[in-house]
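For reference, each letter of the sequence shown is one residue, going 369 to 475 in the numbering used here. Have a look at the structure below, then the notes.
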Amino acid sequence: MSTYNFNGNISGPSNFGDHGRIEINNGTDAADVVRLAEQLVDRLRGDHPALVPQAQVIQGELAQAGEEGRAVNRGRVRAALETITIGVGAGTGGLALIEQLKHALGL
Numbered sequence: 369m370s371t372y373n374f375n376g377n378i379s380g381p382s383n384f385g386d387h388g389r390i391e392i393n394n395g396t397d398a399a400d401v402v403r404l405a406e407q408l409v410d411r412l413r414g415d416h417p418a419l420v421p422q423a424q425v426i427q428g429e430l431a432q433a434g435e436e437g438r439a440v441n442r443g444r445v446r447a448a449l450e451t452i453t454i455g456v457g458a459g460t461g462g463l464a465l466i467e468q469l470k471h472a473l474g475l
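Laid out in structure tokens, this is it:
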């Protein structure tokens, strides 16, 4: 089981993990994960507004983990991603972002 330690401000210039950088599964860094979560919220606002709150759960968990200096609650993120996956269509940009987030977080 992996843990992801977010240290610093994850909404701007960041200092993540060991010596200012943490690798999250297959070379994706924490800032990339935050950007993917932001892109997912933006995509869902246009395509599936009812699913935006679930994407915001993911953003909130990433932010809260960063503020508290703890690992991301993977179960919470996974549950939100699964809910969104059910609501978006196959082959859509939203689904592609979900897959990228899952890969980046090792879910």
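Here a beta-carbon is modelled for each residue, glycine too, at the ideal position from N, C-alpha and C. Treat the numbers as computed from the prediction; the structure is a model and nothing was measured.
If you draw a straight line from the alpha carbon of residue i to that of residue j, how long is it in whole angstroms?
i, j, result
"R389", "L419", "Because the pLDDT at R389 is just 37, under 50, the model does not fix this residue reliably, and the value given afterwards should be weighed accordingly. The straight-line gap from Cα to Cα measures roughly 31 Å."
"A398", "Q432", "13 Å"
"L408", "G462", "6 Å"
"E467", "V445", "13 Å"
"V401", "G437", "16 Å"
"E435", "L473", "18 Å"
"G443", "R413", "24 Å"
"R403", "H471", "14 Å"
"I454", "P417", "14 Å"
Keeping to the same chain, check which residues put their C-beta closer than 6 Å to that of residue i; ignore five residues upstream and five downstream.
i, result
"V425", "A448"
"N441", "E429"
Please go through the same chain and pick out, in chain order, the residues whose beta-carbon is closer than 7 Å to the beta-carbon of residue i, but skip the five residues on each side of it.
i, result
"Q344", "Outside the shown range of the chain, which is 369 to 475, sits residue 344, and nothing can be said about it."
"R411", "G461, G462, L465"
Assign residue i to one of three DSSP states: helix, strand, or coil.
i, result
"Q468", "helix"
"T460", "coil"
Ordered along the chain, which non-local residues of its own chain (more than five positions away) have a Cβ less than 8 Å from that of residue i?
i, result
"D415", "V456, T460, G461, G462"
"A405", "A423, I426, Q427, L430, L469"
- Query: Residue ranges of each alpha helix (DSSP H) run of no fewer than 4 residues wholly in the stretch 399-435, ordered along the chain?
  - Reply: none
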